[in-house]
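Here's the structure, in structure tokens; my notes come after.
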Amino acid sequence: TRDEAPDWNPFTDHDQHRVFGPAPGEYGVAMQGALDDYSDAGVVDAGTAWLAQSSWSIDGDNMDHAPAQIAERVKAADTFVHLQDLSESDVLMAADYAAHEAGFAAAKAQFGQQATLYHLDTTNPSAPKARTLKEEIAKTVMARAANPDWINGMMRHGFRGGAEMAATLDHMGAFANLAKLVEAHHFDRYFQETLGRDDVVDFLREHNPQALDAMIERFHALAEAGLWITRRNSISSELAQLRQSHA
1 TRDEAPDWNP
11 FTDHDQHRVF
21 GPAPGEYGVA
31 MQGALDDYSD
41 AGVVDAGTAW
51 LAQSSWSIDG
61 DNMDHAPAQI
71 AERVKAADTF
81 VHLQDLSESD
91 VLMAADYAAH
101 EAGFAAAKAQ
111 FGQQATLYHL
121 DTTNPSAPKA
131 RTLKEEIAKT
141 VMARAANPDW
151 INGMMRHGFR
161 GGAEMAATLD
171 HMGAFANLAK
181 LVEAHHFDRY
191 FQETLGRDDV
201 VDFLREHNPQ
211 ALDAMIERFH
221 ALAEAGLWIT
231 RRNSISSELA
241 QLRQSHA
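End of the sequence shown sits at 247 in this note's numbering; the numbers just go up one at a time, nothing left out.
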């Protein structure tokens, strides 16, 4: 690096912590339980976990615990960008996306603030695509999650297919709870293409009844928490019937 004075180039000031991550030997943000807790306390726990697991400052080979510094960085940030470089994945396919991206929103909320969240698709390095996280979630719901072709494909994979359906709903719920970025009509559409189809319910009942029960209770929890307010009376009725029949 050039030998420049901090008053000319503030980025040479080594007292500024700029790169953060989890503690040495650890990975992720350790908030799995908080992702499924739709209470106000759950959101606080998620934000606390994000800050705690991002509180190690990295400078070359040196790592220092810097919780105050990461808190200041989060407070000062008005934008958060998360990269995706795996073409075989998407924002609703793994819990880590919600933990990192929506987790930042929960951390920011601890300071009474909001930031604009972006999802940067770098699967084609020569043509990266940036969307707001809300746009990315909407695209993924319509293109993959609630796409009948994907649902039908999952039904050819038995237990694993049912697990993937349930996991997708879990991740939608986490984004809705921590970042408030999933629209009601997206949950409506996903319900219609999964539990709203008799053949899908029959498939889940036969091949993965645990996933069926989990999805029924997840939709119910989302509705109870006010994260999903369907405008379709038929959906409310169908969900109530499913809960009653699987009680």
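Here a beta-carbon is modelled for each residue, glycine too, at the ideal position from N, C-alpha and C.
| Item | Value |
| --- | --- |
| DSSP bridge partner residues for F20 (one or two, in chain order) | S57 |
| DSSP state of N62 mapped onto helix, strand, coil | strand |
| Distance CB(I58)-CB(F111) smaller than 8 Å | no |
| Under 8 Å between C-beta atoms of A179 and L222 | no |
| Buried or exposed (CB count within 10 angstroms, at least 16 for buried), L195 | buried |
| First through last residue of the beta strand (DSSP E) which encompasses Y118 | 116 to 121 |
| Proximity to R103 [Cα-Cα], best of N152, L181, N62 | In the sequence as displayed, the identity of residue 103 is Gly instead of Arg. Of N152, L181, N62, the residue nearest in Cα terms is L181. |
| Cβ pair count under 8 Å reaching 3, the stretch 141 to 148 against the stretch 63 to 77 | no |
| Nearest-angstrom beta carbon gap, Q69 and L120 [assumed within contact, 8 Å] | Actually they do not touch by this definition, with Cβ atoms about 24 Å apart. |
| Where the beta strand (DSSP E) through F111 begins and ends | Taken as a continuous stretch (DSSP letters only), F111 belongs to no beta strand (DSSP E), as it is neither H nor E. |
| Extent of the continuous alpha helix (DSSP H) to which K139 belongs | 133 to 140 |
| For F191 and A240, the rounded distance between their alpha carbons | 13 Å |
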